[in-house]
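Visitor: Residues 2 to 378 in this note's numbering are what the sequence shown spells out, letter by letter. Glycine included, C-beta positions come from ideal geometry on N, C-alpha and C. This is the structure I want to talk about, given as structure tokens.
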Amino acid sequence: MTTLPAKDDAHLIDVSGRKFHPAWLRYSCPCARCRHPESFQKISDLSTRPELPVAAHVELDTEANELRVDWSEQPAHRSHYPLDWLLLHSAGEQRADDLDHTVRWDARTLRARGVRWHEADACGPDGGPWLDDLRSVGFALLTGLTPHGLERLLTGLAPVFHTEYGRQADVKAVPGAEDLAETESALPAHTDYPYKVTGPLTQFCYYAENRATGGEFFLVDGFKALDDFRRDHPHWFDLLVSTPVEFEQVYTSWRYLYRVRRPVVTLDARGAVKAIHLGHSHAWAWDIEPELCGEFYRAYHGLVRQLGEDRYRWAHRFAGGECAVFRNDRILHGRNAFDPRTGVRHLITAYVPWQQLESRIRFHKERRFYFSPHERK
């Protein structure tokens, strides 16, 4: 056990090369006096104190794997911090953890890596190889799935995101279609719901039956395509990031006219691509300054052409019982035209907020910090 010299609030505390400010440590105290022991929500309020906390005594106990801090306050207070928890939450580490271990791909690199299919019965909501694929390449492929199995998986990830069609949507070619997906037409690479404010979604495309000729389904890694587009056309990329435009959808049956104004590409705080919102069939009369219009359309059309190139596309003719699960803000999808006269093509779609899958993965990764060993089972 090492006793570290007392620090005032102008100095940082060094733990295994990571720096921690006393105010951050005191504010983050995990004890039952500072956080509710069952909900784990913060119950201490340090904003009532005029001065920042001061550490009176600091001990680093490597055998017990914890940092202990006695604070200069009344009543006396001692904080215990597990070292692996500290290192996980040191500045920059939590943000890096949220990168989802992304592996960008195009058709060539995906072929070299290999595409994995997962037996649906082995896929659950609490982790496993299918979620590893979803986090890394942005999609997972399931086989042997039944309607009951789809419902079981969705229930485990609940709540499910409901659309106008309900908890799930049956997608078939029908007369009087209110969406191009309900026709036999080809659909270019797109993300669903660019005209709605939904937050990132995990999309399930499950083929209950597929006997129609044509209709091959394909996926595109929008992050990889945008990285290349940014490298080759930086000015166009910046226009797509900085210029919001409208996407819309008319639903006659429900009497809705959805319209959302947003940029095609959004970036995170680090300047990396965070999401792509692109549904060409939902692009209509965009409100763009006339002086900017020509160059913006060059940028937009350039991206649409690039996303349509075979070098970015993984295509497959899905059979009944097969399902593609993917991140709707990263992976674009589409299909070739098909002939409904040659057989039934019945696709079932469903959505779960992506944050729920992230949260489930994070829960299992960090539950040791919240529960005793017998409670973790």
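(1) Does the beta-carbon of A65 have 16 or more other beta-carbons within 10 angstroms, so that it is buried, or is it exposed?
(2) If I follow the unbroken beta strand (DSSP E) through F21, where does it start and stop?
(3) Straight-line CA distance for A97 to A316?
(4) Which runs of the alpha helix (DSSP H), 4 residues or longer, sit entirely within the segment 277-340?
(5) Under the DSSP definition of a beta bridge, which residues are partnered with L258?
(6) Check whether the segment 199-212 and the segment 322-334 are in contact - that is, three or more C-beta pairs closer than 8 Å.
(7) List the endpoints of the continuous beta strand (DSSP E) containing D15.
(8) On the three-state DSSP scale, how would you describe H163?
(9) So is Y252 buried or exposed if we call it buried at 16+ other beta carbons inside 10 Å?
(10) Closest to N337 by CA distance: which of F219, E210, W106 is it?
(11) Do A123 and L132 have their C-beta atoms closer together than 9 Å?
(12) Quick one: any contact between the segment 207-219 and the segment 362-374, if contact means 3 or more CB pairs under 8 Å?
(13) Mind checking P195: buried by the 16 CB within 10 Å criterion, or exposed?
(14) Can you tell me whether T63 is buried or exposed? The criterion is at least 16 other CB atoms within 10 Å of its CB, across all chains shown.
(15) Pick helix, strand or coil for F370, following the three-state DSSP scheme.
(16) Using DSSP with H/G/I as helix, E/B as strand and the rest coil, what is W131?
(17) In whole angstroms, what is the alpha-carbon distance linking I14 and L53?
(18) Work out the CA separation of L89 and G177 for me, nearest whole Å.
(19) Which residue marks the beginning of the alpha helix (DSSP H) containing E152, and which one marks its end?
(20) Are the segment 293-309 and the segment 147-163 touching by the rule of at least three beta carbon pairs closer than 8 Å?
(21) DSSP beta-bridge partners for D62?
(22) Taking 9 Å as the threshold (C-beta atoms), are W106 and T144 in contact?
(23) Would you call the CB atoms of R136 and T103 closer than 9 Å?
(24) Can you give me the Cβ contacts of T192 inside the same chain, cut-off strictly under 7 Å, excluding the 5 residues immediately before and after it?
(25) Can you list, in chain order, the residues of its chain with a C-beta nearer than 7 Å to that of S254? Leave out the 5 residues immediately preceding and following it.
Guide: Let me spell this out:
(1) exposed
(2) 19-21
(3) With a pLDDT of only 47 at A97, under 50, the local geometry of the prediction cannot be trusted, and the value read off the model is given with reservation. Distance between the alpha carbons of A97 and A316: 31 Å.
(4) 291-308
(5) V251
(6) yes
(7) 14-16
(8) In the structure shown, H163 sits in coil (DSSP, three-state: anything other than H, G, I, E or B).
(9) exposed
(10) The residue with the shortest Cα to Cα distance from N337 is F219.
(11) The answer is no: Cβ separation not under 9 Å.
(12) no
(13) buried
(14) exposed
(15) The DSSP-derived three-state label of F370 is helix.
(16) helix
(17) 15 Å
(18) 54 Å
(19) That run of the alpha helix (DSSP H) goes 148-157.
(20) In short, these stretches do not touch, since the Cβ pair count stays below three.
(21) E67
(22) Not in contact: T144 and W106 (Cβ atoms no closer than 9 Å).
(23) Yes, the pair counts as a contact, with Cβ atoms nearer than the cut-off.
(24) I277, H278, L279, G280, N329, D330, L333
(25) E179
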